[in-house]
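Here this note's numbering runs 6 ahead of the position in the sequence shown, where the first position is 1.
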Amino acid sequence: MPAESPQTAGSVPPANLQRQAEAAYLGLAVGDALGATVEFLTPREIRCAFAAQHGIHREIVGGGWLHLPPGQVTDDTTMSLALGEAILQRDGTVEAQACARAFDAWMRGKPVDIGNTVRRNLMRFRRHGNPQVPPSEHDAGNGAAMRVLPVALALHDADERTLCDAVRVQAHVTHHNAESDAACEFLVLALHDGLHGTTLRRLYRERIHPFVNRHPQFRYRPRRAENPSGYVVHTLHAVLQALLDTGSFEECLIDVVNRGGDADTTGAIAGMLAGVLYGLESIPLRWLRALNPDIRARCRGQARALIERRHSPNTASTYATNSYGRSDA
Ligand code: MG
Ligand code: MG
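Written out as structure tokens, the structure is:
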């Protein structure tokens, strides 16, 4: 673990906040693009496939089961961008109907991949028009957790209750499940702390430790979590192990994606956390250059826009049923 930084929560000026936001968004996209190459492979299959690179996958080269061009991302990044756009169009408010419409439009655009729960529940939205699904014990996939970042950015100066309420609004468009909710709330609060300058050591003490005490199924296991599935508990086991067992953005991402399994999503979630914790300069230039230029520009632009939204004195605040945002902060 790195040493404590002297920076204290709440002391980050807006320019720095924007850089932190960009680091988180680019971290998400880089992790998604890096992981997609080895999604659904086992660690052993990865070692064989990358034998010429000492058995380790460490470059953004595309391919994988989706046959992606180098630098392309998957649903983890593109659903986040769709959600962020919906939040911006609602003046910084996370509103269920707007989120559902944005995700539906995203699905109509024929994304390269889409999770089963996301597809099923967006089809349900098309049929019934209800933007919030009922609770289901079967919807504990990581599809809502992977796209929490725009909520953390838009509500970067909100209190914990507002952040948690808002992140559940976006989550319940497709996943209404206690474990998914717990993961989404933990992630949005961890990102919030990261935006305000926390360190990995403090994050462990103030967020990770209390989170796993409250939800023991997420507790850090001494045994290495390999081949993590799309079950959000398994996803976070791999992400938290990789984050806590490494000391840099690059090490963390290489560690987590080489565990295989749902590697684009563990890469995306680890990438947003490691990005905000280690900062923009920590993201290897070769990965930023390899990222699809359009995606890179959209992530940067949206990160800035979501932060600025909260600083614009002329932005009208809105409130609607099932919505949380500026007016609740
Ligand atoms: Mg994906
Ligand atoms: Mg995935």
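Note that the Cβ used here is the ideal one computed from N, Cα and C, for glycine as well. From a predicted model like this one, the values you see are computed outputs, not experimental measurements.
Distance, residue j Cα to residue i Cα
i: V238; j: A276; result: 13 Å
i: R310; j: A27; result: 7 Å
i: D38; j: G135; result: 31 Å
i: V179; j: P137; result: 5 Å
i: A172; j: R292; result: 35 Å
i: A30; j: V245; result: 15 Å
i: R332; j: E314; result: Residue placement at R332 cannot be trusted, given a pLDDT of 35 that sits under 50; what the coordinates show is reported in the next sentence. C-alpha separation (whole angstroms): 13 Å.
i: R133; j: D110; result: 11 Å
i: R207; j: L159; result: 22 Å
i: G69; j: N233; result: 19 Å
i: E166; j: R125; result: 30 Å
i: S254; j: A280; result: 8 Å
i: P76; j: V67; result: 4 Å
i: Q95; j: C54; result: 46 Å
i: R153; j: N127; result: 16 Å
i: Q308; j: G90; result: 7 Å
i: T168; j: V139; result: 20 Å
Residue i vs residue j beta-carbon contact at 8 Å
i: L336; j: H162; result: Because the chain spans 7 through 335 in this model, residue 336 falls outside it and cannot be assessed.
i: L34; j: A189; result: no
i: S142; j: H182; result: yes
i: A231; j: S186; result: no
Ligand 1 heavy atom lying under 7 Å from the CB of residue i
i: D81; result: yes
i: T345; result: Look at the range of the chain in this structure, 7 to 335, and you will see that residue 345 is not part of it.
i: D119; result: yes
Bridge partners - residue i, DSSP secondary structure assignment
i: L74; result: G69
i: G147; result: Y237
Three-state secondary structure assigned by DSSP to residue i
i: G41; result: helix
i: I275; result: helix
i: T168; result: helix
i: G307; result: helix
i: T204; result: coil
i: T48; result: coil
i: S254; result: coil
i: P140; result: coil
i: D417; result: This structure cannot settle anything about residue 417, because the visible part of the chain is limited to 7 through 335.
Proximity test, residue i beta-carbon vs ligand 2 heavy atom, cut-off 7 Å
i: E143; result: no
i: E314; result: no
i: E232; result: no
i: D268; result: yes
i: E166; result: no
i: E45; result: yes
Residue i beta carbon near ligand 4 (any heavy atom closer than 7 Å)
i: A21; result: In the structure on display, ligand 4 does not appear, and the ligands it does have are ligand 1 and ligand 2.
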